[in-house]
Amino acid sequence: MSNKWTEADIPDQRGRVAVVTGANTGLGLETARALATHGASVVLAVRNLDKGKDAAARITAAAPGADVTVQELDLSSLASVRAAAGELNSRYERIDLLINNAGVMYTPKSKTADGFELQFGTNHLGHFALTGLLLDRVLAAPGSRVVTVSSIGHRIRASIHFNDLQLDRDYGRVTAYGQAKLSNLLFTYELQRRLAARGDDAIAVAAHPGASNTELARNSPRPLVVLANVLGPLFTQSAAMGALPSLRAATDPGVRGGEYYGPDGLGETRGYPKLVKSSARSHDVEVARRLWTVSEELTGVSYL
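So for the sequence shown, the UniProt record's numbering puts the first residue at 1; every next one is plus one.
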């Protein structure tokens, strides 16, 4: 295996079941396509069924015979999360890979169906609940992995605002995104500690795509959009390249629990996936445990 890890390095995935959230476009679509191409049975967990079906058709057109199904999932609604988890638990005896990829970024101030700040509620709480509700099936698969996608944004204005988690008093798009992406890492590391303490061979891993050219940035402030249009080719990469850190975290036999993968280029904005470091705040065990407890209370999902 070369130092430049690519899709060609993905081991045979036949016999494995992978659930990928937000798999109808961008990073999720590329992740699902690569896994299906290498033989996995892939579930596209998406909010819009029509877009999900279109994505499934695109994957099977590129990889004839690929086993791809679509599951409705709206991470901004705990009722939808519970319904989707119930269907997946009924359909599958085990889930080898759960890739928590879906997310929203820099949205205007708004709430989820359950009254949570949209970015925190979707990116963190929705995935926290989904993982907990599917965990029995994940633990039933030998060598299973939970991969959660964070962002270099976890370093920008990022902390957990326990005194105002929904940012009702002082909302900022960047602040909200930073809190959500920091939460993804705190969740991953705490999940790994709990899995290890139980002696499970399942692992929790995190990844980030660098600066990838996807629809995720559509809510960015206009000056950033203009700047991205001008300088984008210099500092961003394709969705296929941006998906590589998640794919490596999900499939590389050398990956260990609690690791974090991102691009190897300048500032981790682009390049091939490698083991990277996250912020000191993301490794604060006390904050992680407090966030876990609060997340259980807010979602009503308790595990480990």
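Note that beta-carbon positions come from the ideal geometry of N, C-alpha and C, so glycine has one too.
Paired residues, beta bridge with residue i - DSSP
i             : result
alanine 206   : Thr148, Tyr260
valine 17     : Ser41
threonine 69  : Val43
glutamate 117 : Lys111
glutamine 237 : Ser212
Closest Cα partner of residue i within the set the options
i              : options                       : result
alanine 8      : Leu244, Ser183, Arg290        : Leu244
valine 267     : Ala240, Gly126, Gly210        : The amino acid at residue 267 is misidentified as valine; the sequence shows glycine. Per the Cα distances, Gly210.
isoleucine 203 : Arg173, His154, Gly143, Ala56 : Gly143
serine 150     : Ser212, Val287, Asp164, Glu87 : Ser212
Contacts around residue i, its chain only, beta-carbon distance under 6 angstroms, and the 5 residues preceding and following it disregarded
i            : result
arginine 33  : Ile59
valine 19    : Val43, Ala45, Ile95, Leu98
tyrosine 260 : Ala206, Val276, Ser278
alanine 66   : Ala36, Ile59, Thr60
alanine 140  : Arg94
Three-state secondary structure (DSSP) of residue i
i              : result
proline 273    : strand
asparagine 100 : strand
leucine 44     : strand
lysine 111     : strand
serine 220     : Annotation note: pLDDT 48 at serine 220 (below 50); position unreliable, no value reported.
glutamate 7    : helix
serine 90      : helix
aspartate 12   : coil
glutamine 166  : coil
aspartate 252  : coil
alanine 141    : coil
histidine 161  : coil
Neighbour flag for residue i against chain C, beta carbons, 8 angstroms
i          : result
lysine 109 : Any reference to chain C falls outside this structure, which holds one protein chain only.
Proximal residues to residue i (C-beta, below 8 angstroms), its chain only, five neighbours per side dropped
i           : result
leucine 262 : Reading the sequence as shown, one finds glycine at residue 262 and not leucine. Excluding residues within five positions, the ones whose Cβ falls inside 8 angstroms are Ile152, Ala207, His208, Pro209, Gly210, Pro245, Glu268, Pro273, Lys274, Val276.
alanine 159 : Sequence check: residue 159 is serine here, not alanine. Around serine 159: Gly178, Gln179, Leu182, Arg281.
Does the structure place the stretch 129-140 close enough to the stretch 168-178 that three or more beta carbon pairs sit under 8 angstroms?
With a cut-off of 8 angstroms on Cβ pairs, the stretch 168-178 is not in contact with the stretch 129-140, counting fewer than three such pairs.
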